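S.K.: Got a structure here, written out as structure tokens. Questions coming.
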Amino acid sequence: MAERVWLIAVQIAATIIGWGSLFIGGVIVFKQLTTWLKTAVWEPYTIADALRDLGLNYPYTPDLLGVQKIIDGLLLWPAALAHAVIWAVGLAVVGFVAVKLEEIERDQRLAEQARKREIRERENREAAKEAAERSRAEFDFLGEFQRTRREE
Numbered sequence: 000m001a002e003r004v005w006l007i008a009v010q011i012a013a014t015i016i017g018w019g020s021l022f023i024g025g026v027i028v029f030k031q032l033t034t035w036l037k038t039a040v041w042e043p044y045t046i047a048d049a050l051r052d053l054g055l056n057y058p059y060t061p062d063l064l065g066v067q068k069i070i071d072g073l074l075l076w077p078a079a080l081a082h083a084v085i086w087a088v089g090l091a092v093v094g095f096v097a098v099k100l101e102e103i104e105r106d107q108r109l110a111e112q113a114r115k116r117e118i119r120e121r122e123n124r125e126a127a128k129e130a131a132e133r134s135r136a137e138f139d140f141l142g143e144f145q146r147t148r149r150e151e
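Residue 0 is where the sequence shown starts when you use numbering that gives the first Met the number 0, and the numbers rise one by one after that.
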């Protein structure tokens, strides 16, 4: 039960983050597009610009020049693309969680069916046992009846 609640919470968070990020990406592209329509100049808005606007520091790794070159290249990508990637990851998480929740519900249904089947089988065994006892009692009664008739 706790796992199910946790998965639902993850699904809700991923949905909110994913769609929120897609909305923000759309706003960025809309702003760039309206500026371009007015000035005929496309103003890029990169991931580095987004980090700066959020007040986050630019990642810096002086000891790992190759890693720094990768970071620099990624930070030059359009921020709208990053938001689209976040949306896609959120969508993937939502899909994964939906599959996992379906597995949990299927397992619960199977367990409930097995429990009901076990109860029916126990009831059938008890009914068969009672029927056997009644049959044995009737047989004993007939045997007693026949003995008393022979004795007469």
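Heads up, the beta-carbon is just placed ideally off N, CA and C, and yes, glycines get one too. The model shown is predicted, which means the values in this text are computed figures rather than measured ones.
Contact check, Y44 vs A78 under 8 Å by CB: the rounded distance?
M.R.: 5 Å
S.K.: Taking the C-alpha atoms as reference points, what is the distance between S20 and W86?
M.R.: 6 Å
S.K.: For F22 and F29, I'd like the C-alpha separation in whole angstroms.
M.R.: 10 Å
S.K.: Roughly how many whole angstroms lie between the Cα atoms of W35 and L73?
M.R.: 24 Å
S.K.: Would you mind stating whether I69 and P58 have Cβ atoms separated by less than 8 Å?
M.R.: no
S.K.: Can you tell me where the alpha helix (DSSP H) with G39 in it begins and where it stops?
M.R.: Here residue 39 turns out to be Ala, not Gly, going by the sequence shown. Premise fails: A39 is in no alpha helix (DSSP H) and is neither H nor E.
S.K.: Can you give me the C-alpha to C-alpha distance between W41 and L80, rounded to a whole angstrom?
M.R.: Going by C-alpha positions, W41 is about 16 Å away from L80.
S.K.: Can you tell me where the alpha helix (DSSP H) holding D48 begins and where it ends?
M.R.: In the DSSP assignment, D48 falls within the alpha helix (DSSP H) that extends over I46 to D52.
S.K.: So V88 and T14 are supposed to be a Cβ contact under 8 Å. How far apart are they, rounded?
M.R.: Actually they are not in contact, since the Cβ atoms of V88 and T14 sit about 12 Å apart, beyond 8 Å.
S.K.: Please report the distance separating the alpha-carbon of A110 from that of S134.
M.R.: 36 Å
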